[in-house]
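So the protein lines, in turn, are chains U and Y. Numbering of the first sequence is given in our numbering, commencing with residue 1 and proceeding in unit increments. Numbering of the second sequence is given in our numbering, commencing with residue 1001 and proceeding in unit increments. What follows is a single structure, written as structure tokens, with notes after it.
Number of protein chains: 2
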Amino acid sequence: MTLHETFTRNEAGLAAVLPLLKQRFGDRMQTGTSIREQHGHTTTWLANQIPDAVVFATSTADVAETVTLCAEHRVPVIPFGTGTSLEGQVNAPAGGISLDLSLMSRVLKVHAEDLDAVVQPGVTRKQLNEHLRDQGLFFPIDPGADASLGGMAATRASGTNAVRYGTMKDNVLALEAVLADGTVIRTGSRAKKSSAGYDLTRLLVGSEGTLGVITELTLRLHGIPEAMASARVSFDRVEDACQTVILAVQVGLPMARMELLDALTVQAVNAYSKLDLPETPVLLLEFHGTEAGVKEQAEMFGEIARDCGGRDFTWTGRAEERSRLWQARHDAYWATTALRPGARGLSTDVCVPISRLADCVGEATAKAAAEGLLAPVVGHVGDGNFHMLLLVDDTVPGERAQAEAFVGWLNDLALSMEGTCTGEHGIGQGKRKYLRREIGPALGPMAAIKAALDPQNILNPGKILPPEG
Amino acid sequence: MTLHETFTRNEAGLAAVLPLLKQRFGDRMQTGTSIREQHGHTTTWLANQIPDAVVFATSTADVAETVTLCAEHRVPVIPFGTGTSLEGQVNAPAGGISLDLSLMSRVLKVHAEDLDAVVQPGVTRKQLNEHLRDQGLFFPIDPGADASLGGMAATRASGTNAVRYGTMKDNVLALEAVLADGTVIRTGSRAKKSSAGYDLTRLLVGSEGTLGVITELTLRLHGIPEAMASARVSFDRVEDACQTVILAVQVGLPMARMELLDALTVQAVNAYSKLDLPETPVLLLEFHGTEAGVKEQAEMFGEIARDCGGRDFTWTGRAEERSRLWQARHDAYWATTALRPGARGLSTDVCVPISRLADCVGEATAKAAAEGLLAPVVGHVGDGNFHMLLLVDDTVPGERAQAEAFVGWLNDLALSMEGTCTGEHGIGQGKRKYLRREIGPALGPMAAIKAALDPQNILNPGKILPPEG
Chain U
1 MTLHETFTRN
11 EAGLAAVLPL
21 LKQRFGDRMQ
31 TGTSIREQHG
41 HTTTWLANQI
51 PDAVVFATST
61 ADVAETVTLC
71 AEHRVPVIPF
81 GTGTSLEGQV
91 NAPAGGISLD
101 LSLMSRVLKV
111 HAEDLDAVVQ
121 PGVTRKQLNE
131 HLRDQGLFFP
141 IDPGADASLG
151 GMAATRASGT
161 NAVRYGTMKD
171 NVLALEAVLA
181 DGTVIRTGSR
191 AKKSSAGYDL
201 TRLLVGSEGT
211 LGVITELTLR
221 LHGIPEAMAS
231 ARVSFDRVED
241 ACQTVILAVQ
251 VGLPMARMEL
261 LDALTVQAVN
271 AYSKLDLPET
281 PVLLLEFHGT
291 EAGVKEQAEM
301 FGEIARDCGG
311 RDFTWTGRAE
321 ERSRLWQARH
331 DAYWATTALR
341 PGARGLSTDV
351 CVPISRLADC
361 VGEATAKAAA
371 EGLLAPVVGH
381 VGDGNFHMLL
391 LVDDTVPGER
401 AQAEAFVGWL
411 NDLALSMEGT
421 CTGEHGIGQG
431 KRKYLRREIG
441 PALGPMAAIK
451 AALDPQNILN
461 PGKILPPEG
Chain Y
1001 MTLHETFTRN
1011 EAGLAAVLPL
1021 LKQRFGDRMQ
1031 TGTSIREQHG
1041 HTTTWLANQI
1051 PDAVVFATST
1061 ADVAETVTLC
1071 AEHRVPVIPF
1081 GTGTSLEGQV
1091 NAPAGGISLD
1101 LSLMSRVLKV
1111 HAEDLDAVVQ
1121 PGVTRKQLNE
1131 HLRDQGLFFP
1141 IDPGADASLG
1151 GMAATRASGT
1161 NAVRYGTMKD
1171 NVLALEAVLA
1181 DGTVIRTGSR
1191 AKKSSAGYDL
1201 TRLLVGSEGT
1211 LGVITELTLR
1221 LHGIPEAMAS
1231 ARVSFDRVED
1241 ACQTVILAVQ
1251 VGLPMARMEL
1261 LDALTVQAVN
1271 AYSKLDLPET
1281 PVLLLEFHGT
1291 EAGVKEQAEM
1301 FGEIARDCGG
1311 RDFTWTGRAE
1321 ERSRLWQARH
1331 DAYWATTALR
1341 PGARGLSTDV
1351 CVPISRLADC
1361 VGEATAKAAA
1371 EGLLAPVVGH
1381 VGDGNFHMLL
1391 LVDDTVPGER
1401 AQAEAFVGWL
1411 NDLALSMEGT
1421 CTGEHGIGQG
1431 KRKYLRREIG
1441 PALGPMAAIK
1451 AALDPQNILN
1461 PGKILPPEG
């Protein structure tokens, strides 16, 4: 099997398909430079690679027609939601058509009794939650950005409360998708569970647009909890924070969020937000349940934390105080990037078994310090997933290469600890070489599936699967 | 693409491969009639189709060698765990080799801090839970039978507490598997979440041995809850029981089990187990949590049930009384089959959105009664999944055909309610024709994946994918 890894542009195909798309879509097909740049803008350290045109779909039929035309002319199709992915997923290395789904933004149906909703792929998570609020329901996945739900499914998004509610993999019941030949399929029903054949839903979730274009999602909803509480506790050492989390998970405390900030991040937040937190690692927690339940959870957590050396444990159930407790986390990204004006952040995404998290964070921060790299850490500690934000100044010779070497070293460290190079950001372009190291022979079936479902390699080429050799 | 749907036996291939397997495996390769019959015994109404030989693997290398030899000679390989599947998954319609994995029965590693375990595929769920007990951990999936964990993954097993803990799809972190060409792959790591490429774990879970042979599993474990409580409540109507469950789910009560028995099942259990339950629909509940938490859950559930017309609500946290409350459920299978001595049970498995469950059960029981079919119902009501056990006497002319027509009607009814023909038993042989009706165009990518990963169709042929045409 071949991955068709060639970034030669198909100029003849492009020349043929562009007028056909213009004829079909009129103003909803755009070739202006700024709009194309926006659709090939990676938001990260990866170079932008812009598409030849952007088609704004308003229906599944639009998507099917675009894909069919592009298939006939062997032209790449790159699905686009809000463009907030972090690993170059919207780049167009061989040119082609960016298929923008943001106009497909209707919540089609909410089934409150069944705790599910059917939405178009351009609906964003905040839009859905706004729509649901009156019904006492919410959709829990929160990757930070107000991303589109189609994009979140395509990249298997996760975020701060995955420890309680799972990731997109766990919260998508069924999908409608357009395959590489223009066929429209449905991968499941509204039933809460199914054993009806291969799990195409989970195959498409996380496939980053390389196997199909998601045109509709049936999502699992959750009741807004009766009560929420937030807590904060400081530790002298990352190890003690991790041990607290391990014990709390083992006794079955159903924490909704558990976020770790390292000492450097706390220093940054203190400076940025005028706080006076102890400049040591800190854990931020959120509990969901009944009034009595969250009180019990918070108090039990506090006991465990104190036994593990936690200091200044504080918790509250009051809404206004909850956001104050969590302010350090909300401000972390801007506070840490402000540590080094002019630098750009390069985010790592390793995820390891939680018993190895303290070792992994410890080794990584020690190495970064030894190398003179400024690299604050925030972690979804309940999942064993953490991000180091390497603050890199591209104008300093060699620094970019040093940072990339560090990322490779950290990814290998995570693999040696039975972890993964990516907990939630995906492979995209940036991590393709690490995927080979991580899964080895399993690349075979992945490439075989890609070749079977997209034999011309027109769906988001150059993503996930590494080039051969 | 072709499904290679042909049940012509490859006599030349079989003649060539049998002596090679004998040479390689000696006494661990068996061709005696009784052992072959046991490995092609479906335990259900489906006809048995026995393999030509049984190979007892003791290692991944054994599995890889068997598959490689069979691939060279184009001979089918049918993976076998405990043989407790219900849809003919272990049948050998074209003959071939039953690959028995029951001797691969070691718990390789328990990582208590990470809440995971690495096991061989022949480990049964009871064996694993016995092994874990001292560490305060358990593996929650309980399909009834003491099935092998490899088989449970292959068939995406579920059962009574899926409503709280999910199905096998949610509790397998990673797999090792042997592909159709003998390649050994690993589909993931011990990290709790990953975005590293296509989700091969979820693709193999539920693939019923048609895409690979599972040789090792990394499973997610859970802490044994501090406290458990059980409850029982009777209703005049199935609708009221369903409404209770809908409201309890909406307010976020984390019930661990919610089982429904219909009036006919309760009558059967009263007769069989000398109980005196009101002969109306009954709900049985289980709650997991802290001492205070389960008390709160049980009491809240009781209030909701009473508001919905529930009667005789009773709950207990005491272990000895808990099993008494649940006795009706434990005895349900034997009690209902005893309703008609000499009859065989044909189990349905539809799953619908919970808002449609009362309608679905109501229409099904009304039709069964009108047709004179004896068909008691037990339901995993929190998931919208229920089983009717059609008690069929094969010696009565036309009755078997009548029952099969009823099953087809019920499957179509579930589809019309946005449900599925199978919540947990899988497709196997028995439901292949319904899979086509259920997923339509999505059969295309399923068949393409099968053809890509098993081009000779040697892995459990004749399962899941319907014949062409």
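Ideal Cβ positions, reconstructed from N, Cα and C, are used throughout, including at glycine.
Does residue i come within less than 8 Å of chain Y when only Cβ atoms are used?
{"i": "residue 241 (chain U)", "result": "no"}
{"i": "residue 353 (chain U)", "result": "yes"}
{"i": "residue 249 (chain U)", "result": "yes"}
{"i": "residue 4 (chain U)", "result": "Reliability fails at residue 4 (chain U), whose pLDDT of 43 lies under 50, so the model's placement of it is uncertain and the value that follows must be treated cautiously. Cβ-Cβ to chain Y under 8 Å: no for residue 4 (chain U)."}
{"i": "residue 418 (chain U)", "result": "yes"}
{"i": "residue 111 (chain U)", "result": "yes"}
{"i": "residue 459 (chain U)", "result": "no"}
State the start and end residues of the unbroken alpha helix (DSSP H) segment that holds residue i.
{"i": "residue 1286 (chain Y)", "result": "Premise fails: residue 1286 (chain Y) lies in the beta strand (DSSP E), 1282-1289, not in any alpha helix (DSSP H)."}
{"i": "residue 423 (chain U)", "result": "No alpha helix (DSSP H) contains residue 423 (chain U), which DSSP labels as neither H nor E."}
{"i": "residue 366 (chain U)", "result": "357-370"}
So, is residue i buried or exposed, given that buried needs 16 or more other C-beta atoms within 10 angstroms?
{"i": "residue 406 (chain U)", "result": "buried"}
{"i": "residue 23 (chain U)", "result": "exposed"}
{"i": "residue 1431 (chain Y)", "result": "buried"}
{"i": "residue 51 (chain U)", "result": "buried"}
{"i": "residue 193 (chain U)", "result": "buried"}
{"i": "residue 1441 (chain Y)", "result": "exposed"}
{"i": "residue 1365 (chain Y)", "result": "buried"}
{"i": "residue 1042 (chain Y)", "result": "buried"}
{"i": "residue 218 (chain U)", "result": "buried"}
{"i": "residue 1156 (chain Y)", "result": "buried"}
{"i": "residue 1386 (chain Y)", "result": "buried"}
{"i": "residue 401 (chain U)", "result": "exposed"}
How would you write the range of the beta strand (DSSP E) that residue i sits in, first residue to last?
{"i": "residue 109 (chain U)", "result": "107-111"}
{"i": "residue 1379 (chain Y)", "result": "1377-1380"}
{"i": "residue 1458 (chain Y)", "result": "That residue, residue 1458 (chain Y), is in no beta strand (DSSP E); it is neither H nor E in DSSP."}
{"i": "residue 385 (chain U)", "result": "385-392"}
Spell out whether any CB of chain U is found under 8 Å from the CB atom of residue i.
{"i": "residue 1267 (chain Y)", "result": "no"}
{"i": "residue 1400 (chain Y)", "result": "no"}
{"i": "residue 1427 (chain Y)", "result": "yes"}
{"i": "residue 1303 (chain Y)", "result": "no"}
{"i": "residue 1452 (chain Y)", "result": "yes"}
{"i": "residue 1205 (chain Y)", "result": "yes"}
{"i": "residue 1448 (chain Y)", "result": "yes"}
{"i": "residue 1462 (chain Y)", "result": "no"}
Between which residues of its own chain and residue i is the CB-CB distance below 7 Å, once the five residues before and five after are set aside?
{"i": "residue 1436 (chain Y)", "result": "1443 and 1466"}
{"i": "residue 1446 (chain Y)", "result": "1465"}
{"i": "residue 326 (chain U)", "result": "230 and 284"}
{"i": "residue 515 (chain U)", "result": "Coverage of chain U is limited to positions 1 through 469, which leaves residue 515 (chain U) absent and any answer about it impossible."}
{"i": "residue 1304 (chain Y)", "result": "1244, 1247 and 1248"}
{"i": "residue 1272 (chain Y)", "result": "1331, 1334, 1335 and 1338"}
Once the 5 residues before and after residue i are set aside, which same chain residues still bring their CB inside 6 Å of it?
{"i": "residue 1234 (chain Y)", "result": "1278, 1280, 1282, 1311 and 1312"}
{"i": "residue 434 (chain U)", "result": "411 and 421"}
{"i": "residue 1110 (chain Y)", "result": "1117"}
Go through its chain and collect everything with a Cβ distance to residue i's Cβ below 8 Å, but skip five positions before and after it.
{"i": "residue 1297 (chain Y)", "result": "1229, 1253, 1254, 1255, 1287 and 1289"}
{"i": "residue 1354 (chain Y)", "result": "1242, 1245, 1246, 1249, 1381, 1382, 1383 and 1384"}
{"i": "residue 1419 (chain Y)", "result": "1350, 1351, 1352, 1353, 1356, 1360 and 1384"}
{"i": "residue 188 (chain U)", "result": "173, 174, 175, 194, 196, 200, 201 and 218"}
Taking only beta carbons into account, state which residues of the region 145-161 of chain U come closer than 8 Å to chain Y, listed in chain order. The region 145-161 of chain U vs chain Y, Cβ under 8 Å: 155, 156 and 158.
Quick one: which residues of the region 1432-1446 of chain Y get their C-beta closer than 9 Å to a C-beta of chain U? List them in chain order. Correct list: 1434, 1435, 1438, 1439, 1440, 1441, 1442, 1443, 1444, 1445 and 1446.
Taking only beta carbons into account, state which residues of the region 222-236 of chain U come closer than 9 Å to chain Y, listed in chain order. For the region 222-236 of chain U, which is checked against every Cβ of chain Y, the residues closer than 9 Å are 222, 223, 224, 225 and 226.
Short of 7 Å Cβ to Cβ, which residues in the region 1044-1063 of chain Y face chain U? Of all residues in the region 1044-1063 of chain Y, none has a Cβ within less than 7 Å of some Cβ in chain U.
Which residues of the region 1282-1301 of chain Y have a Cβ closer than 7 Å to any Cβ of chain U? Give them in chain order. Per Cβ criterion, the list reads 1290, 1292, 1293 and 1296.
Which residues, taken in chain order from the region 1173-1198 of chain Y, show a beta carbon closer than 7 Å to some beta carbon of chain U? For the region 1173-1198 of chain Y, the beta-carbon criterion of a distance under 7 Å to any beta-carbon of chain U is satisfied by 1179, 1183, 1184, 1185, 1186, 1187, 1189, 1190, 1191, 1192, 1193, 1194, 1195, 1196, 1197 and 1198.
In the region 370-388 of chain U, which residues sit with their C-beta less than 7 Å from some C-beta in chain Y, listed in chain order? Hits within the stretch, in order: 383, 384 and 385.
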